Amino acid sequence: MRSNFILQKNKPIPPTEKLGFGQYYTPYMYVRRYRNSRWEDHFITDYELLAVDPASQMLHYGQLIFEGMKAYYNKDQEKVYLFRPEENAKRYIRSAIRLCIPQLPVADFIDSIKSAVKFSGPYIPPYSKSNPTPASLYIRPFLMGTTPKLGVKPAQDYGHVVITSPSGPYFSSGLNPIKLKVEEEYIRAAPGGTGEAKCAGNYAASLLAAEIALKEGFDQVLWLDVERKYLQEVGAMNLFVVIDNVLVTPDLDGCILPGITRDAVIELGASHFKMSVEERHVSIHEVIEGIKNNKVTEIFGSGTAAVITPVGSLGYKGEHYTIGDGKIGPIAQKMYDTLLGIQYNELNIECAKDWIIEVQIDG
Ligand SMILES: *Cc1c(COP(=O)(O)O)cnc(C)c1O
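Below, the structure written as structure tokens:
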């Protein structure tokens with residue numbers, strides 16, 4: 573294990589186009605422990621193995637939450653920005669509450685992100701907004717229970733760790749449309765469960781369906797609700813469907829992850845594009861019928877890692893349904909351009925004026 577780790581640490585970071593997603597790591601990390609009912613001072617250390625007791629809570633019962641964010645250079649390579657970090661901080665708190673993990677205050681969370689970006693300075697990919705697959709610094713904070721006790725109880729000790737990874741887009745196809753399989757056997761979340769928390773267990777539970785879909789030639793699965801009737805999301809991104817020129821997205825019913833990109837798309841759709849936007853239950857029946865009679869003209873996903881990812885086709889009950897002409901639609905394209913324009917501080921849009929913050933890095 574150790575040799576593996578050393579190899580990974582010393583992996584030279586390749587050029588922007590070859591980064592992929594989450595494969596290379598900055599050689600430092602941020603660590604802050606929670607012990608004796610309080611948060612201790614943080615420290616920055618080499619990216620290295622975590623010394624974790626084999627009986628740790630998180631290893632057996634999955635008491636672990638995380639976040640996903642990005643930092644990127646502006647065009648003249650002078651400023652580094654974060655997108656709505658306070659929203660990630662608040663979601664970290666909501667996820668923590670759901671898993672009986674102590675809350676990290678919003679200001680402390682943001683400080684930890686700023687520190688991580690600071691020590692990652694030389695590893696932040698150069699400005700590449702106009703590349704087909706733009707790169708940025710992906711930031712992964714996580715918070716886990718480390719107390720060695722095999723009883724199913726919340727841990728007393730925790731670690732908040734931030735690692736960073738120079739990354740390209742989540743889907744290597746960039747803005748090329750993906751193929752989704754509408755999943756009918758397995759589900760991701762049910763009412764009362766942990767669907768709206770960004771907790772590790774949700775993703776472990778999603779792997780099998782995704783592996784099967786991959787073998788069948790799909791890129792990912794589209795999750796339905798417990799009745800296999802209504803759309804939920806895609807597991808790393810939220811979904812939008814354009815129906816009769818209305819931007820429709822599943823409502824936050826506790827079973828989907830409240831994406832920060834989702835929130836931005838809703839806001840931009842309504843305030844900037846002046847579209848009608850509906851947050852409501854969307855049945856798979858409505859979507860399939862809508863594709864058949866051309867009322868559904870676009871489907872796309874939204875997420876920090878996925879940005880805006882167009883969906884070209886759906887597989888449902890063994891049939892394939894191509895959405896529109898199978899290419900990226902005008903709304904997805906415009907949303908992608910607008911979102912990136914805001915994130916790189918190249919557009920001045922009223923509803924988005926507080927969405928980016930600048931972070932200092934060591935020169
Ligand atoms: C993180 C995540 C998203 C996207 O959320 P953003 O805040 O937009 O990055 C969507 N679905 C799931 C399950 C996620 O974990």
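First residue of the sequence shown: 573, per the working numbering; consecutive thereafter.
Glycine is no exception: its CB is placed at the ideal position from the N, C-alpha and C atoms.
Note that the structure is a prediction, hence the values are computed from the model and not measured.
For this session: Compute the distance between the beta-carbons of V652 and A643, then report whether it is under 7 Å.
Result: V652 places its beta carbon less than 7 Å from that of A643.
Problem set entry | the stretch 754-770 touching the stretch 628-636, judged by at least three CB pairs closer than 8 Å | Cβ pair count under 8 Å is below three, so no.
Problem set entry | Option nearest G807 by Cα separation, candidates L747, G592, A877 | It is A877 whose Cα lies nearest to the Cα of G807.
Exercise. When the Cα atoms are used, what is the spatial distance from L944 to M847?
Worked result: Given that the chain is displayed from residue 573 to residue 935, the structure contains no residue 944 and the question cannot be resolved.
For this session: Report yes if the C-beta distance between N917 and S874 is below 7 Å; otherwise report no.
Result: In this structure, S874 does not lie closer than 7 Å to N917 by Cβ.
Exercise. Roughly how many angstroms separate the alpha carbons of V868 and H853, rounded to a whole number?
Worked result: V868 and H853: Cα-Cα distance of roughly 15 Å.
Exercise. Does DSSP classify Y908 as helix, strand or coil?
Worked result: Looking at Y908 - three-state DSSP - the assignment turns out to be helix.
Problem set entry | M847 - DSSP class collapsed to helix/strand/coil | Coil, per DSSP.
Problem set entry | CB-CB length for T719 against Q629, believed under 8 Å | 5 Å between Cβ atoms; contact.
Exercise. Beta carbon of G592, beta carbon of S737: below 7 Å?
Worked result: Not a contact, by the Cβ cut-off of 7 Å.
Exercise. Going by the C-beta, is E799 closer than 6 Å to any heavy atom of ligand 1?
Worked result: No - ligand 1 has no heavy atom lying nearer than 6 Å to the Cβ of E799.
For this session: Could you tell me which residues DSSP pairs with K925 in its beta bridges?
Result: Its beta-bridge partners do not exist; DSSP assigns none.
Exercise. Cα-Cα, which of W611, Q675, Q649 is closest to K701?
Worked result: Considering only alpha carbons, the answer is Q649.
Exercise. Taking just the CA atoms, how far does E799 sit from K686?
Worked result: C-alpha separation (whole angstroms): 43 Å.
For this session: Output the boundary residues of the beta strand (DSSP E) element that contains H892.
Result: Segment 891-894, the beta strand (DSSP E) holding H892.
For this session: Let me know the secondary structure DSSP gives V624 once reduced to three states.
Result: When DSSP states are grouped into helix, strand and coil, V624 belongs to the coil group.
For this session: Rounded to whole angstroms, what's the CA-CA distance from Y730 to P599? Just pull it up for me.
Result: Distance between the alpha carbons of Y730 and P599: 22 Å.
Problem set entry | Same chain only: Cβ atoms within 6 Å of P882, ignoring 5 sequence neighbours per side | For P882, where only same-chain residues beyond five positions count, the Cβ hits under 6 Å are P749, F872, I900, A904.
Exercise. Any heavy atom of ligand 1 closer than 6 Å to the CB of I832?
Worked result: Checking every heavy atom of ligand 1 against the Cβ of I832, one is found closer than 6 Å.
For this session: Please report the Cβ distance between I673 and E658, rounded to the nearest whole angstrom; I am assuming they are in contact, meaning their Cβ atoms lie under 8 Å.
Result: Actually they do not touch by this definition, with Cβ atoms about 19 Å apart.
For this session: Thinking A769 and I637 are a contact (beta carbons under 8 Å), I'd like their distance in whole angstroms, please.
Result: Contact annotation, A769 with I637: C-beta distance approximately 7 Å; criterion of less than 8 Å satisfied.
Problem set entry | Bounding residues of the alpha helix (DSSP H) (the contiguous stretch that carries D680) | Unbroken alpha helix (DSSP H) run through D680: 678-691.
Exercise. V733 and M641: beta carbons closer than 7 Å?
Worked result: One thing to note: V733 has its Cβ no nearer than 7 Å to the Cβ of M641.
Exercise. Considering only residues of the stretch 792-819, which uninterrupted beta strand (DSSP E) runs meet the minimum length of 3 residues and lie entirely inside it, listed in chain order?
Worked result: DSSP runs (the beta strand (DSSP E)) wholly in the stretch 792-819: 792-794, 810-815.
Exercise. Expressed to the nearest angstrom, what Euclidean distance is found between the alpha-carbon atoms of M716 and D835?
Worked result: If you draw a straight line from the Cα of M716 to the Cα of D835, it is about 27 Å long.
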